[in-house]
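S.K.:
Protein chains in written order, with our numbering: chain R, 6 to 373; chain P, 1061 to 1415.
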């Protein structure tokens, strides 16, 4: 495990300046505009918060991707969650970021805060306590990527084992590789390389990316950590691949990510869940891009229990969240940005989530 | 407002028979204005806070003030009431004194009002009162009037304190963001983050070690030294809620100027960097209770530093940036990594009831 003191070196200006020199050289050599998509919302925030983008040469652009769980959750999923409270009289348990996202009717789960019908938790294990405290059905809003899924899955498996009744999971889980595949397949896409998510890769390892990226029409993908030095190193490795004409999956975050990932965590996921087609806000329905509850556990599936209707995509008028998620427009190109869409009163999810690209641009600016 | 002490002292002997013990709790009757109220004010509050010049704390006190004075009020609702480095009592005295000091005034008189929740332990109230007495002595101020109310159980957070302060104007020039000019230096009086981290750690029972203590301190001696700069001292504000991010933005947001702040020059309290990393907090947004920001004429930056550093509590003062006009109305942070970004007003409710 890394010591806290070592984190300071990961923000060492001298190391960063050395990497910057090398990045500048490679960018000169490449002589064209390079667009690198940071897939993960945590990367977006770190890049903006540390001003990494302002250190990059003018022809290297970082663009935000679909890696903010709240941002890729369809607005109609929120409608269903609201319906769970209003009509099904169930207690809805969620991570805080979901609270403020408006559904298709313009209001969010936050209207139930303080009523006891919606509970915010920080760790899925708190679910079990809530279950013990109430006689009403309890539904957990399962959103997130491979990083978050294992702890949620293990909580529910434990619940099943302990025969806890009336505890349900409403899944909207997403997996990263199918999204990369969809972004690559988009002929309008101008993405030259992916900065791959560190936390997700801790679980996945490198192989699932190889299948998508290391082939004809593939592009470089480098797994990066979240400290400034990590990100600069990953960007350097990406430019080096581009300069040398390579298209590989590389690991620039070896202190956390192993090539094989975390097989134990994947086994937990696989026990409860199986791949299924999933609707992404912005990207549409992608084959085998979600994780659905296996039939043998369908008695904890909120969709089955409450007969929730299938999700559909809906965007508030003029909201460019879908385009932002695909990296087609920058947040500050949206007409609502910082005008009638601000973190306190968001129109789209990209301005709500702490990992959303719009929120990060709003907060930290776009200083070149 | 009823005074700390009843109109008459003739009931004292009678009351002594029911001496308050450490086992006691505050009851609704303690706020009724009746016998129990008097017992509370006489035996506890008055005993702890009486002073020679104003021996009878009363509903209203005549003060002898000449010239211009500054007037401020603040209410303290902090949770937990006792935390490493201080408690709500010390905070209520120093916090209000500091508001006067950064306005250019010498703190002189304070009022002290309690809203106490039924069931509150008398022993805790005693601890708070003796902390108030020590803080008032250190600050050299006098508590001259006050009030106590009791609210029913579960209708309050244990105890809330309001203090209102009066100080005489010592600094003759205007302290205002509107006096800031391009080229000015931005000075910080000491390391940041300790208060917020200490509160957070005690709330969440984080094992952070004994080094992490709230920085709650009386800032007047530091401010007074800076008054010597005369009109070259333009702006001062203590960096409480919202941290230095809020103060820097308040100073500049209504102007055509921008502030360039160098993150690596900002002094941090013990362990603040590591702990805020774990908790996902930004030290620049964390509340302080013993730090202020000053903006002085650029050529006087070094002088301001030496004035601060020669005073107790100012040894880690730093120049953290300067004023120009590149991004009007914005604070620009050159990050530790060397990148640049906007440092905005803190958003959302980071930590409620921090002071």
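The beta-carbon is built from N, C-alpha and C at its ideal position, and this holds for glycine as well. Quick caveat, the model's predicted, so the values are computed rather than measured.
(1) What whole-angstrom Cβ distance do residue 274 of chain R and residue 154 of chain R have, given they're in contact under 8 Å?
(2) Identify whether residue 177 of chain R lies in helix, strand or coil by the three-state DSSP scheme.
(3) In angstroms with no decimal places, state the Cα-to-Cα distance between residue 1090 of chain P and residue 1169 of chain P.
(4) Taking residue 1404 of chain P as the query, report the chain R residues whose CB atoms sit under 7 Å from its CB, ordered along the chain.
(5) Hey, how far is the Cα of residue 121 of chain R from the Cα of residue 114 of chain R?
(6) Can you name the residues of chain P whose CB is closer than 8 Å to the CB of residue 4 of chain R?
(7) Looking only at DSSP bridge pairs, what is residue 1134 of chain P linked to?
(8) Check the Cβ-Cβ distances between residue 1252 of chain P and every residue of chain R, and say whether any is below 8 Å.
(9) Report yes if the CB atom of residue 1153 of chain P is closer than 8 Å to the CB atom of residue 1196 of chain P, and no otherwise.
(10) For residue 1392 of chain P, go through chain R and note every residue whose CB falls closer than 7 Å to its CB, in chain order.
(11) How many angstroms separate the CA atom of residue 54 of chain R from the CA atom of residue 369 of chain R?
(12) Which same chain residues end up closer than 7 Å to residue 1148 of chain P when comparing Cβ atoms and leaving out the 5 residues on each side of it in sequence?
(13) Which ranges does the beta strand (DSSP E) cover as unbroken runs of at least 3 residues, wholly within the segment 1305-1377 of chain P, from first to last along the chain?
(14) Taking the continuous alpha helix (DSSP H) assigned at residue 234 of chain R, which residues delimit it?
(15) If I measure Cβ to Cβ from residue 1305 of chain P and keep anything under 6 Å in the same chain, skipping five residues before and after, which residues do I get?
(16) Per DSSP, what kind of secondary structure is residue 211 of chain R in: helix, strand or coil?
(17) Within 8 Å of any Cβ in chain R, is that where the Cβ of residue 1232 of chain P sits?
(18) Strictly below 8 Å CB to CB, what residues from chain R border residue 1401 of chain P?
(19) By DSSP's criteria, residue 99 of chain R is part of a beta bridge. Which residues make up the other side?
(20) Just the Cα atoms here: how many angstroms apart are residue 1067 of chain P and residue 1283 of chain P?
(21) Thinking residue 1259 of chain P and residue 1143 of chain P are a contact (beta carbons under 8 Å), I'd like their distance in whole angstroms, please.
(22) Just how far apart, CA to CA, sit residue 1156 of chain P and residue 276 of chain R?
(23) Can you look up residue 1397 of chain P in the DSSP assignment and give me helix, strand or coil?
(24) Enumerate in chain order the residues of its own chain whose CB-to-CB distance from residue 1212 of chain P is below 7 Å, with the five nearest sequence positions on each side excluded.
(25) Given residue 1061 of chain P, which residues of its chain have a CB within under 6 Å of its CB, disregarding the five upstream and five downstream residues?
(26) Comparing the C-beta of residue 238 of chain R with each C-beta of chain P, is any distance below 8 Å?
(27) Count Cβ pairs between the segment 280-291 of chain R and the segment 143-158 of chain R that sit closer than 8 Å; are there 3 or more?
(28) So, helix, strand or coil for residue 1296 of chain P, using DSSP?
(29) Helix, strand or coil for residue 322 of chain R, going by three-state DSSP, please let me know.
(30) At a Cβ threshold of 8 Å, is residue 22 of chain R touching chain P?
(31) If you compare alpha carbons, which of R:61, R:56, R:18 is closest to residue 31 of chain R?
(32) Taking the alpha-carbon of residue 143 of chain R as reference, which of R:260, R:257, R:89, R:40 has the nearest alpha-carbon?
(33) Please report the residue range of the alpha helix (DSSP H) in which residue 1165 of chain P lies.
(34) Can you give the Cα-Cα distance for residue 249 of chain R and residue 243 of chain R, rounded to whole angstroms?
(35) Taking buried to mean at least 16 other C-beta atoms within 10 Å of its own C-beta, is residue 1309 of chain P buried or exposed?
(36) What residues from the segment 165-191 of chain R come within 7 Å of chain P, judged by C-beta to C-beta, listed N to C?
M.R.: Walking through what the data contain:
(1) Counted from its first residue, the first chain places residue 274 of chain R at position 269. Counted from its first residue, the first chain places residue 154 of chain R at position 149. That pair is a contact at about 5 Å.
(2) Walking along the first chain from the start, residue 177 of chain R turns up at place 172. It is a strand residue.
(3) Translated into the one-based positions of the second chain, residue 1090 of chain P becomes position 30. Translated into the one-based positions of the second chain, residue 1169 of chain P becomes position 109. The C-alpha of residue 1090 of chain P lies about 26 Å from the C-alpha of residue 1169 of chain P.
(4) Reading the second chain from its first residue, position 344 is the one you call residue 1404 of chain P. Correct list: 368.
(5) By one-based count along the first chain, residue 121 of chain R stands at place 116. By one-based count along the first chain, residue 114 of chain R stands at place 109. Answer to the nearest angstrom: the Cα atoms are 12 Å apart.
(6) The structure shown has nothing for residue 4 of chain R, since chain R only spans 6 to 373.
(7) Walking along the second chain from the start, residue 1134 of chain P turns up at place 74. In the DSSP assignment, residue 1134 of chain P is bridged to P:1223.
(8) Translated into the one-based positions of the second chain, residue 1252 of chain P becomes position 192. Residue 1252 of chain P does not count as touching chain R.
(9) In the second chain, residue 1153 of chain P corresponds to position 93, counting from 1. In the second chain, residue 1196 of chain P corresponds to position 136, counting from 1. In contact: residue 1153 of chain P and residue 1196 of chain P (Cβ atoms closer than 8 Å).
(10) Your numbering for residue 1392 of chain P matches position 332 in the second chain. Chain-order list of chain R residues neighbouring residue 1392 of chain P: 372, by C-beta distance under 7 Å.
(11) Taking the first residue of the first chain as 1, we reach residue 54 of chain R at position 49. Taking the first residue of the first chain as 1, we reach residue 369 of chain R at position 364. Going by the C-alpha atoms only, they are around 6 Å apart.
(12) Here residue 1148 of chain P is taken as the residue at index 88 of the second chain, counted from 1. These residues qualify, in order along the chain: 1136, 1138, 1141, 1188, 1219, 1221.
(13) Those beta strand (DSSP E) runs which fall completely within the segment 1305-1377 of chain P and span 3+ residues are 1318-1322, 1352-1356.
(14) Here residue 234 of chain R is taken as the residue at index 229 of the first chain, counted from 1. That run of the alpha helix (DSSP H) goes 233-249.
(15) One-based indexing of the second chain puts residue 1305 of chain P at position 245. 1344, 1345, 1403, 1406.
(16) Taking the first chain and counting its residues from 1, one reaches residue 211 of chain R at position 206. Coil at residue 211 of chain R, not helix or strand.
(17) Residue 1232 of chain P sits at position 172 when you count from the first residue of the second chain. No, because no Cβ of chain R sits closer than 8 Å to the Cβ of residue 1232 of chain P.
(18) Start at 1 with the first residue of the second chain, and residue 1401 of chain P comes out as number 341. 53, 54, 55, 56, 59, 369, 370, 372, listed in chain order.
(19) Here residue 99 of chain R refers to the residue found at position 94 when the first chain is read from its first residue. According to DSSP, which records beta bridges pairwise, residue 99 of chain R is partnered with R:125.
(20) Residue numbering aside, residue 1067 of chain P sits at position 7 when the second chain is read from its first letter. Residue numbering aside, residue 1283 of chain P sits at position 223 when the second chain is read from its first letter. Only weak support is given to the placement of residue 1067 of chain P: the predicted model assigns it a pLDDT of 33, under 50, and the value that follows is read from those uncertain coordinates. Rounded to whole angstroms, the gap between the alpha carbons of residue 1067 of chain P and residue 1283 of chain P is 40 Å.
(21) For the purposes of this step, residue 1259 of chain P is identified with residue 199 of the second chain, where counting begins at 1. For the purposes of this step, residue 1143 of chain P is identified with residue 83 of the second chain, where counting begins at 1. That belief holds up - the Cβ atoms of residue 1259 of chain P and residue 1143 of chain P are roughly 6 Å apart, short of 8 Å.
(22) The residue you call residue 1156 of chain P lines up with position 96 of the second chain. The residue you call residue 276 of chain R lines up with position 271 of the first chain. Roughly 59 Å between the two C-alpha positions.
(23) Here residue 1397 of chain P corresponds to residue number 337 of the second chain, with the count starting at 1. Under the three-state reduction of DSSP output, residue 1397 of chain P falls in the coil class, being neither helix nor strand.
(24) Numbered from its first residue, the second chain carries residue 1212 of chain P at position 152. Listed in chain order, the non-local C-beta contacts of residue 1212 of chain P below 7 Å within the same chain comprise 1088, 1178, local neighbours out to five positions each way being set aside.
(25) Taking the first residue of the second chain as position 1, residue 1061 of chain P is located at position 1. Caution applies to residue 1061 of chain P, whose pLDDT of 43 falls short of 50 and renders its modelled position unreliable; the model cannot decide the point.
(26) As a position in the first chain, residue 238 of chain R is number 233, starting the count at 1. Not closer than 8 Å to any Cβ of chain P, the Cβ of residue 238 of chain R fails to qualify, so no.
(27) In the pairwise beta carbon analysis, the segment 280-291 of chain R is classified as not touching the segment 143-158 of chain R: fewer than three pairs are separated by under 8 Å.
(28) As a working note, residue 1296 of chain P is residue 236 in the second chain. Correct three-state label for residue 1296 of chain P: strand.
(29) The residue you call residue 322 of chain R lines up with position 317 of the first chain. Residue 322 of chain R falls in the coil class under three-state DSSP.
(30) Along the first chain, one-based indexing puts residue 22 of chain R at 17. Answer yes: the Cβ-Cβ gap between residue 22 of chain R and chain P drops below 8 Å somewhere.
(31) For this step, residue 31 of chain R is matched to residue 26 along the first chain. Closest option to residue 31 of chain R, Cα to Cα, is R:61.
(32) Along the first chain, one-based indexing puts residue 143 of chain R at 138. The shortest C-alpha separation from residue 143 of chain R is found at R:89.
(33) For this step, residue 1165 of chain P is matched to residue 105 along the second chain. Not the alpha helix (DSSP H): residue 1165 of chain P falls in the beta strand (DSSP E), residues 1165-1177.
(34) As a first step, residue 249 of chain R must be located in the first chain, where it is residue number 244. As a first step, residue 243 of chain R must be located in the first chain, where it is residue number 238. If you draw a straight line from the Cα of residue 249 of chain R to the Cα of residue 243 of chain R, it is about 10 Å long.
(35) One-based indexing of the second chain puts residue 1309 of chain P at position 249. With 16 or more Cβ atoms within 10 Å of its Cβ, residue 1309 of chain P is classed as buried.
(36) Within the segment 165-191 of chain R, contact with chain P at the beta-carbon level (separation under 7 Å) is assigned to no residue.
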